[in-house]
Amino acid sequence: MSGFTDVSSACDGSLLFLLRRKGLGPHPQDFCTCWAHYRLLLRSDHGETLVRSTKASVTMTGPETIVERNDLDPKKFVLGEMEVPECVEFVVRRLGVEGFGVLRLSSSALPEGRPAGDINVEVELFGAEPACGGHGTAGWIGLKSVMTERRMAEEWLAGAVDARGKLEAFDKLKASEGQARRAALDVASAVRKASYLAERRFQRAKTWLEQGNFEEDPARVTKETARVFRGLAKAMLLNQKRFSVEEGEGQQDFGTDLLRYLNRKNHEGPPVGGPDKGIQAEARDLALRVLDVDATNVLNLEVAGFACAELGDFATARVHLEKALEFDPGNEAIKSEMARVNVREKHGAAENSETLLFDLQTQLDAAHVASDVAAVASLMTHIGALVDGNQVTWDACVRSKVGKTVGSIQKSPPNNDQEIQNQAVRLVRKFRDMAERNRPLWS
């Protein structure tokens, strides 16, 4: 198209940009506060339809109609913090103040925060205020600048913690599997987004602190350093977190799906395949450094416990969390973290028991084929003990197909042994009870 330039990374025409007015001054960078008006128009064979505008008001007389008003103030947002559609940020980064640009997107390009379909984006930038860049830059006021950055990071971190709690409650929702899956992905995305944005700001504050040269009381600097390191450690851990949602029969892992979902939206984050142990270890080291400053602060102890648990060191995690509860017995956040450690310990034990169950099932198959009455009796006793002790999940029982083997023994016991048959009947009943307990909530 005339005047448009292909700015897509693959040069496939999915992103076409037209700079109608360059504007004044440098292009805004991350963390700049910007003021802009933008319009999103859906393209079709019948032309363009306005679907979103910062100048819009909606009338409800008859069919919903978007009416634009020129007296509305531009949208204020922080660049790089996903407060506006990513396609709007894409244009803003290419404008000066009073600049105007148009972007034509295909349906798959820059999808975050915008309606689906082929879209035209019109953006006019009215103002851009650079963020403080640290020592010696405009707006630097010493430790107060660090504190301001840390407080903004804490707001994002609080959002990540809140979303994490919502996601952990999904197993209590009575919804269809499809609804739960879509909703869980959205909430998990919120955890990743908020923790990532918190981590970026905590990292900036950490860099400024490590540059030193503060005029304030060293004790105040030390206290602020502990707050920044503690927040950074927690944000790093949450950004590496993988979530599962209970769905009745075992656990449905949303980790891989979530990462693919985020990668499609060009979000930054760890690669598919699991959390980065190096980053988790770095977060733990930060958390332990904070304990060196104040080992009686319950927030410091909570993050240290969280960090150790994420690396599988549940014993040390429990020590930190129990100490925190000694100082603040009614702290619900600490109790929740302790509960998570208990669940993860149980899950780890279940994984070990699952391996044992698969091995026992293989041995039971062989013993049944060999008509080894003593071995069959011993193996079924062992399997029954695992079930009675809640040491194996229903999902593991289903995948191991141990119920099928026991059912075969019930129908055709080795050497027609009556006691073996009765033992198989009792074990089948246990499996049925287990299946009933693990019935999906929406069945």
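For the record, in the sequence shown the residue sitting at position 430 is 433 according to the working numbering, with numbers rising by one throughout.
Using N, Cα and C, we set each Cβ at its ideal position, and we do this for glycine too.
Could you pull the start and end residues of the alpha helix (DSSP H) that residue i belongs to?
i, result
"Gly159", "Per the sequence shown, the amino acid found at residue 159 is Trp instead of Gly. Leu146 to Glu171 is the span of the alpha helix (DSSP H), which, as asked, contains Trp159."
"Phe330", "Phe317 to Phe330"
"Ser411", "Val405 to Lys414"
"Arg429", "Gln421 to Arg440"
"Val231", "Pro221 to Asn242"
"Arg292", "Lys280 to Val296"
"Glu92", "Glu89 to Val95"
"Leu314", "Premise fails: Leu314 is in no alpha helix (DSSP H) and is neither H nor E."
"Leu98", "Leu98 -> no alpha helix (DSSP H), and no H or E assigned at all."
"Ala388", "Val376 to Asp391"
Can you name the start and end residues of the beta strand (DSSP E) that residue i belongs to?
i, result
"Arg117", "Premise fails: Arg117 is in no beta strand (DSSP E) and is neither H nor E."
"Gly50", "Gly50 to Ser56"
"Arg42", "Thr36 to Ser47"
"Leu19", "Leu18 to Arg24"
Would you say residue i and residue j are within 8 Å of each other, going by their C-beta atoms?
i, j, result
"Phe45", "Arg167", "It should be noted that the sequence gives Leu, not Phe, for residue 45. In this structure, Arg167 does not lie closer than 8 Å to Leu45 by Cβ."
"Lys244", "Val194", "yes"
"Phe361", "Gly406", "no"
"Leu302", "Lys326", "no"
"Ala298", "Cys311", "no"
"Ala197", "Gly145", "no"
"Leu160", "Lys237", "yes"
"Val91", "Val126", "yes"
"Asn420", "Val372", "What sits at residue 420 in the sequence shown is Asp, not Asn. Not in contact: Asp420 and Val372 (Cβ atoms no closer than 8 Å)."
"Gly130", "Val100", "yes"
"Gly116", "Pro88", "yes"
"Ser11", "Leu18", "yes"
"Phe232", "Leu324", "no"
"Leu98", "Gly26", "yes"
Could you say which of the options lies nearest to residue i if we only look at CA atoms?
i, options, result
"Arg347", "Ser374, Phe309 and Gly333", "Phe309"
"Ala284", "Glu84, Gly387 and Met239", "Met239"
"Gly234", "Ala312, Arg153 and Glu313", "Arg153"
"Asn425", "Phe434, Pro332, Val224 and Ile412", "Ile412"
"Thr472", "Asn123, Glu329, Leu82 and Pro29", "Nothing in the structure corresponds to residue 472, since the chain is present only between 4 and 446."
"Leu128", "Glu158, Trp143 and Ala39", "Ala39"
"Gln214", "Val149, Tyr199, Lys226 and Arg204", "Val149"
"Arg343", "Gly315, Pro77 and Glu329", "Gly315"
"Ile282", "Ser339, Arg223, Glu202 and Arg230", "Glu202"
"Thr57", "Phe80, Val10, Glu335 and Leu27", "Phe80"
"Gly83", "Leu200, Val376 and Ala378", "Leu200"
"Glu35", "Glu86, Glu329 and Pro221", "At residue 35 the sequence reads Cys, which differs from the Glu that was named. When only C-alpha atoms are compared, the closest one is Glu86."
"Leu359", "Val390, Val372 and Ala380", "Val390"
"Val306", "Ala369, Asp9 and Arg287", "Arg287"
"Phe3", "Gly99, Glu157, Ala131 and Ala186", "Residue 3 lies beyond the residue range present for the chain, which begins at 4 and ends at 446; the question has no answer from this structure."
"Asp220", "Lys147, Ala141, Lys25 and Arg97", "Lys147"
"Val3", "Asp165, Leu106 and Val296", "Because residue 3 is not part of the residues shown, which for the chain are 4 to 446, the question remains open."
"Val164", "Lys404, Ser339 and Gly410", "Ser339"
"Asn393", "Glu132, Thr384, Lys349 and Val231", "Lys349"
"Ala318", "Asn345, Ser110 and Ile423", "Asn345"
"Met155", "Pro29, Ser192, Arg292 and Arg230", "Arg230"
"Ser3", "Asp9, Asn73 and Leu363", "Not covered by the structure: residue 3. The range shown for the chain is 4 to 446."
"Leu108", "Trp143, Val70 and Thr8", "Thr8"
"Leu367", "Pro417, Gly26, Ser110 and Ser192", "Pro417"
"Pro29", "Pro133, Glu335, Leu294 and Arg72", "Pro133"
"Glu313", "Ser192, Lys280 and Asp331", "Lys280"
"Arg207", "Glu218, Thr151 and Asn216", "Thr151"
"Val293", "Met341, Val322, Thr228 and Ser403", "Thr228"
"Arg96", "Pro118, Asp33 and Asp76", "Asp33"
With a cut-off of 8 Å on the beta carbons, I'd call residue i and residue j a contact; round off their distance for me.
i, j, result
"Phe103", "Arg42", "Contact flag wrong, Cβ pair sits at about 11 Å."
"Glu357", "Ala388", "That belief does not hold up - the Cβ atoms of Glu357 and Ala388 are roughly 15 Å apart, past 8 Å."
"Leu170", "Ala187", "6 Å"
"Val431", "Val395", "Actually they do not touch by this definition, with Cβ atoms about 15 Å apart."
Looking only at DSSP bridge pairs, what is residue i linked to?
i, result
"Ile122", "Leu45 and Leu108"
"Lys79", "Trp38"
"Glu305", "Partner(s): none; Glu305 has no beta bridge."
"Val70", "Ser60"
"Ala131", "Cys37"
"Thr8", "Phe20"
"Leu27", "Val100"
Residue i CB to nearest chain C CB: under 8 Å?
i, result
"Gln366", "In summary, chain C is missing from the structure at hand, where a single protein chain is found."
Any heavy atom of the ligand SAH closer than 7 Å to the Cβ of residue i?
i, result
"Thr8", "Among the components modelled here there is no ligand, and therefore nothing to report on the ligand SAH."
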